[in-house]
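Colleague: Each residue of the sequence shown is one higher than the last, beginning at 20 in the working numbering.
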Amino acid sequence: MPEIFIRRNINRGEVVDTSAYSFANTEQIRRLHKSLNAYNVTPLVELKNFAHEKNVAAVFVKDESKRFGLKAFKALGSIWAIYKVISRELKLDNPTLDEIFQRRDELTEMTFATTTDGNHGKGVSWAAGLFGCKSRVFMPKGTVEVRAQAIRDAGTAEVEITDMTYDDCVKFTARLAEKNRWQLIQDTSCDGDEEIPAQIMLGYSTLAYEAIEQMNHVRPTHIFLQAGVGSMAAAVAAVFAEVFKDNPPRVTIVEPTQVACFYESFKVGDGLAHSATGNGQTMMAGLNCATPCSVAWKILRRLATDAATIDDDVAAEAMRALSAQGIISGESGSAGFALVNAAVNSPELRRALDIDERSRIFVVNTEGDTDPVNYVKVLHEDKPT
Ligand SMILES: Cc1ncc(COP(=O)(O)O)c(C=O)c1O
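(1) Using 7 Å as the cut-off, classify the Cβ of M251 as near or not near the heavy atoms of ligand 1, replying yes or no.
(2) Output yes or no for whether 8 Å exceeds the beta carbon distance between W316 and G222.
(3) On the three-pair Cβ rule with 8 Å, is the segment 238-250 touching the segment 378-386?
(4) How long is the line joining the alpha carbons of I29 and R339, rounded to whole angstroms?
(5) Is any non-hydrogen atom of ligand 1 found closer than 7 Å to the C-beta of A309, if you look at the structure I gave you?
(6) Can you give, in chain order, each stretch of the beta strand (DSSP E) that sits fully within the segment 59-113 and has at least 3 residues?
(7) Go ahead and label P403 buried or exposed: buried means 16 or more other beta carbons lie within 10 angstroms of its beta carbon, across all protein chains shown.
(8) Could you name the residues of the same chain whose beta carbon sits closer than 7 Å to that of G288, not counting the 5 residues immediately before and after it, in chain order?
(9) Between T134 and V189, which are expected to be in contact by the criterion C-beta below 8 Å, what is the C-beta distance as a whole number of angstroms?
(10) If you run the structure through DSSP and keep just helix, strand and coil, what is N393?
(11) On the criterion of 16 or more Cβ atoms from any shown chain inside 10 Å, does K198 qualify as buried, or is it exposed?
(12) Take the Cβ of T310 as the centre, count every other Cβ of all protein chains shown within 10 Å, and call the residue buried at 16 or more, exposed below.
(13) So, is the C-beta of A340 closer than 8 Å to a C-beta in chain E?
(14) Between the alpha carbons of T175 and N113, how many angstroms are there, rounded?
(15) Quick one, which of A354, G290, Q205, V359 has its alpha-carbon nearest F157's?
(16) Which partner residues of I180 appear in the DSSP bridge assignment?
(17) Per DSSP, what are the beta-bridge partners of A326 in this structure?
(18) Opposite F381 in the DSSP bridges: which residues?
(19) Would you say the beta carbon of D136 is closer than 7 Å to some non-hydrogen atom of ligand 1?
(20) Taking the DSSP output, what are the residues bridged to F150?
(21) Spell out the partners DSSP gives A132 in its beta bridges.
(22) Applying the 10 Å Cβ sphere with the 16-neighbour rule, what's the burial state of R107?
(23) Look up E283 in the DSSP assignment and give the residues it is bridged to.
(24) Can you tell me which residues form a DSSP beta bridge with E386?
(25) What are the start and end residues of the alpha helix (DSSP H) that includes S250?
(26) Comparing alpha-carbon positions, which option in T389, L89, R171, V262 lies nearest E232?
Put into C-alpha cells, the structure is as follows:
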C-alpha cells in the first residue's frame, strides 16, 4: 500500500465570502469563454464500473485535457485575466472581442509575462496570441524542453528555461515585468499583488459551472482537487460552496508528497500559509509549487476539509487507470483521481476521508499528455507492487 498522509484543516467552516464565484457574478466570464472559436464544453465522464467495483455511489471526472485544444484547464484563467487587463489599458467597459480587435495597433505594443511550470504559460502564450499581443514566459530549472516548445507553439511567447526554483522564478519575472513595463499575468500572488491571480482564479469558475450542469445540479459529497499554488482548487471549491450553500461537498486537496504546502499549512494549523518542506522532486510538474497563492489560501483555509499527499507511483497508477477508461491524463492531471483510486481500496483511508457506498465523488483531470514522452513511459511501466 502506498504511503498517503492526510491532515485535517482545523480552521474549516469559518466564514469566507465566495460571492465573486456566484453564478450571476461569473456570467460575464462564461460569456467570454463561449465567444471563443476554440470553446467547447469539456466532457464529464462518469466511471460507472469503477464506482460499482469500489462500492461508492458515483465517480465523475471532468476532463480538461480537451480544453481549447491546449490539453489543460489553465487557459480559462489566463484568457480572462488578459481580457481584463486589455479592457483596462484600452479604457473599454466590458468590450466584445471585436471591439478589442479594432484597437490592433495598441494591442501589438502590449507584452504579457509570466512564470510557469508549463500549462499556465501555454495559456498566456495562447491568449496573448489571440489578441495579437506579445508574451514572455520564464520556466524553473528542470523543465523539460518539450513543455517550453509547447508554449511557443501555442501562441506568441518567447520562452526561457531558467536555473531558478519556481518560487524564485516568480519573483524574478515580477521584477523584470516591472522594469520592462510588461503586464504580469501570474497565477499566484507575488508581493501582495492579488488582483491578477484573483482574476485568473475567477476564470477557472467556468469548468466548475460546466461540471455542475453536467451532473444535473446533483451535489457531489466529495471533491478531490490537486494543488500547486491552490488557485484551481480554491476556485472550484468556491463555486461548489456557492451553488451548494446549505451543504457544500467535502473538499480534499491533493499534493505531491515532496511539495505539499497545503498539507504543511494544515499540519501547522495556525491559520497561516506555510511553505512545503519536501525536496521538490516529483513528476507532477504542475503541482511543484512550494507556497500557496495567498488568494487561494484565504478560500481554502475555510473550505478545505483536509489535504492529502501522494507519491509519483500513485499518480502513475491513476494515469494508467484513466487511460483504461479512455481518458488521457497527465502527471498532475491524474492527481485528484489518484487519491480516490488508492483510497477506495483501503478501509483506513475510506474512514479518514468519510468515503462510503453513498459517496458521489467529483475530480478534475486537469491535463492530458502535456509531457508526451513521460506519458508513454508511465503507461508502459509495470504496475508497482
Ligand atoms: C495540470 C495542472 N493541474 C493542476 C495544477 C495546479 O493548479 P494551481 O497551481 O492553481 O494549484 C496545475 C498548475 O499549473 C496544472 O498545470
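Heads up, the beta-carbon is just placed ideally off N, CA and C, and yes, glycines get one too. Owing to the predicted nature of the structure, the values given are computational and were not obtained by experimental measurement.
Modeller: This is what the structure holds:
(1) yes
(2) Not closer than 8 Å, so no.
(3) yes
(4) 34 Å
(5) no
(6) 63-65, 77-82
(7) Bear in mind that a pLDDT of 49 at P403, under 50, signals an unreliable position, so the model cannot answer this.
(8) I29
(9) The Cβ separation is near 5 Å, so the contact holds.
(10) helix
(11) exposed
(12) buried
(13) In summary, chain E is missing from the structure at hand, where a single protein chain is found.
(14) For T175 and N113, the distance between alpha carbons rounds to 24 Å.
(15) For the residues A354, G290, Q205, V359, the minimum Cα distance to F157 belongs to Q205.
(16) M158
(17) R26, I272
(18) F79, I242
(19) yes
(20) In DSSP, F150 forms no bridge with anything.
(21) R155, L203
(22) So R107 counts as exposed.
(23) In the DSSP output, where bridge partners are listed per residue, E283 has none listed.
(24) In DSSP, E386 forms a bridge with A91.
(25) 250-262
(26) V262
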